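Here is the structure we will look at, set down as structure tokens.
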Amino acid sequence: MPLTIATVPCLADNYAYLAHDVATGATAVIDVPDAPPILNALRERGWRASHILITHHHDDHIAGVRALAAATGARVIGAAADAHRLPRLDEAVAEGDLVRIGLAEGRVIAVPGHTTGHVAYHFAESRAAFTGDSLMALGCGRVFEGTMAQMWESLTRLAALPPETLIHSGHEYSQSNARFALTIEPDNAALRRRAEEIAALREAGRPTVPVPLSLELATNPFLRAGRPELRQALGMGEADPAEVFAEIRRRKDRF
Ligand code: ZN
Ligand code: FE
24 MPLTIATVPC LADNYAYLAH DVATGATAVI DVPDAPPILN ALRERGWRAS
74 HILITHHHDD HIAGVRALAA ATGARVIGAA ADAHRLPRLD EAVAEGDLVR
124 IGLAEGRVIA VPGHTTGHVA YHFAESRAAF TGDSLMALGC GRVFEGTMAQ
174 MWESLTRLAA LPPETLIHSG HEYSQSNARF ALTIEPDNAA LRRRAEEIAA
224 LREAGRPTVP VPLSLELATN PFLRAGRPEL RQALGMGEAD PAEVFAEIRR
274 RKDRF
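Everything in the sequence shown is counted per the working numbering, starting at 24 for the first residue and increasing by one.
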């Protein structure tokens, strides 16, 4: 049975996710920007947090971990590489490791770039990936610690997941990401349609995530750095995709 997943807005523009295994009652919380809204969301559904999965060490993703773990006894899981700068881990994981939420099985994917220890979690049977600040809806995280080449490699690995995978990212940045994406590919019809949908969702106060990977592949400029039409649009016809990615990322940093 696939996990039942709920989106929980936290702080100004962060998202946490609840992933609930109906068969066993096990419930994972992916990232904990702030404990109170997550405890409320759990209470509303009658779920108890059994696991906390951390994508990376930034404060807006872990600030509530200690409080949520203390309130629920949830098992805290995060990257072994970042154990020194994460809340105390009950389980330290690395690339390829499996995490179990009740009967659901997720795989850890190392996605360095935004931070060196950033991980994503892919639950194949549930067609869900939790990507934090690596691949984001219509964007990607700023490259703070890793290299541009590392971030491109990380995005390439996420892009290779099954196209129906729903990408659950850590922030509501879609509207400004759409504005930027349109500066790169103003003639991308799928992107223009999506920008309108995003505006309508935000107008209604609704989240624009999760998003199917297939839609990201058609519209997210950071995933499209290898496409001839995008290279052409940037006047980088022969350039290596990693270089095209780096150019797009630099432009976004200045946007
Ligand atoms: Zn971050
Ligand atoms: Fe963040």
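Think of the CB as a built atom: it goes at the ideal place given N, C-alpha and C, for glycine as much as any other residue.
For clarity, every value in this text was computed on a predicted model and none was experimentally measured.
| Using DSSP with H/G/I as helix, E/B as strand and the rest coil, what is I271? | Walking along the sequence shown from the start, residue 271 turns up at place 248. Residue state, collapsed to three classes: helix.
| message | So, for A256: in the same chain, excluding its five sequence neighbours on each side, which residues have a beta-carbon less than 7 Å away from its beta-carbon? | response | Within the sequence shown, residue 256 is the residue found at index 233, counting from 1. Here the set comprises I207 and E208.
| said: Let's test the definition: count the other Cβ atoms within 10 Å of the Cβ of A92 and tell me whether it reaches 16, buried, or not, exposed. | reply: Locating residue 92 in the sequence shown gives position 69, where the first residue counts as 1. Buried, by the Cβ-count rule.
| field | Runs of alpha helix (DSSP H) wholly within the segment 185 to 235 (minimum 4 residues, chain order) | value | 197 to 207 and 212 to 226
| field | Identity of the residues DSSP links to H74 by a beta bridge | value | Position 51 of the sequence shown, counted from the first residue, corresponds to residue 74. BP columns for H74 point to A51 and R98.
| field | Own chain, CB closer than 7 Å to V166, minus 5 neighbours either side, in chain order | value | Within the sequence shown, numbered from 1, the residue matching residue 166 stands at position 143. Contacts found: G136, H137, M174 and R272.
| field | Alpha-carbon spacing of A102 relative to E114, whole angstroms | value | Walking along the sequence shown from the start, residue 102 turns up at place 79. Walking along the sequence shown from the start, residue 114 turns up at place 91. About 8 Å.
| message | Just to confirm, is the Cβ distance from H191 to T30 under 9 Å? | response | Against the sequence shown, residue 191 aligns to sequence position 168. Against the sequence shown, residue 30 aligns to sequence position 7. In this structure, T30 lies closer than 9 Å to H191 by Cβ.
| Start and end residues, alpha helix (DSSP H) containing A107 | The residue labelled residue 107 in the question sits at position 84 within the sequence shown. According to the sequence shown, residue 107 is His rather than Ala. Element bounds for H107: n/a, residue is neither H nor E.
| Is H107 buried or exposed, if buried means 16 or more other CB atoms sit within 10 Å of its CB? | Translated into the one-based positions of the sequence shown, residue 107 becomes position 84. That one is exposed.
| How is H137 classed by DSSP in three states: helix, strand or coil? | Translated into positions along the sequence shown, residue 137 becomes position 114. Correct three-state label for H137: coil.
| request: Assign E261 to one of three DSSP states: helix, strand, or coil. | output: The count along the sequence shown starts at 1 and reaches residue 261 at position 238. Here E261 sits in coil by DSSP.
| Neighbour-count burial assignment, R217, 16 or more Cβ in a 10 Å radius | Taking the first residue of the sequence shown as 1, we reach residue 217 at position 194. Classification for R217: buried.
| query | Thinking just about the alpha-carbon of each residue, which of E239, L62, H79 and I77 is nearest to the one in R71? | reply | Here residue 71 refers to the residue found at position 48 of the sequence shown. Closest option to R71, Cα to Cα, is L62.
| task | Out of R68, P110 and L65, point me to the one whose CA is closest to D82's CA. | result | Taking the sequence shown and counting its residues from 1, the one referred to as residue 82 is at position 59. Minimum Cα distance to D82 is reached at P110.
| task | Name the two residues that bound the continuous beta strand (DSSP E) containing E168. | result | Taking the first residue of the sequence shown as 1, we reach residue 168 at position 145. Careful: E168 lies outside any beta strand (DSSP E) and carries neither H nor E.
| Beta carbon of T206: closer than 8 Å to some heavy atom of the ligand ZN? | As a first step, residue 206 must be located in the sequence shown, where it is residue number 183. Checking every heavy atom of the ligand ZN against the Cβ of T206, none is found closer than 8 Å.
| Would you say H74 touches the ligand FE, meaning its beta carbon is less than 8 Å from a heavy atom? | By one-based count along the sequence shown, residue 74 stands at place 51. H74: no, Cβ never under 8 Å from the ligand FE.
| query | If you check the beta carbons only, do A182 and L158 fall under 9 Å apart? | reply | Position 159 of the sequence shown, counted from the start, is the residue given in the question as residue 182. Position 135 of the sequence shown, counted from the start, is the residue given in the question as residue 158. Yes, they are a contact pair.
| said: Assuming contact is defined by CB atoms lying nearer than 9 Å, are A35 and A58 in contact in what I supplied? | reply: In the sequence shown, the residue the question calls residue 35 occupies position 12. In the sequence shown, the residue the question calls residue 58 occupies position 35. For A35 and A58, no; Cβs fall outside 9 Å.
| query | Whose beta carbon lies closer than 5 Å to any heavy atom of the ligand ZN, going through the chain in order? | reply | H81 and D156
| query | Are the beta-carbon atoms of C33 and A42 separated by less than 9 Å? | reply | Locating residue 33 in the sequence shown gives position 10, counting from the first residue. Locating residue 42 in the sequence shown gives position 19, counting from the first residue. No, these two residues do not count as a Cβ contact at 9 Å.
| Can L236 and P186 be called in contact, C-beta distance under 9 Å? | Counting from 1 along the sequence shown, the entry for residue 236 is found at position 213. Counting from 1 along the sequence shown, the entry for residue 186 is found at position 163. In contact: L236 and P186 (Cβ atoms closer than 9 Å).
| said: At the level of alpha carbons, what is the spacing between V45 and G260? | reply: Against the sequence shown, residue 45 aligns to sequence position 22. Against the sequence shown, residue 260 aligns to sequence position 237. Near 50 Å, if we compare the C-alpha coordinates of G260 and V45.
| task | Please name the residue, chosen from E239, I85, R98 and G87, that lies closest to A152 on a Cα-to-Cα basis. | result | If you number the sequence shown from 1, residue 152 lands on position 129. When only C-alpha atoms are compared, the closest one is E239.
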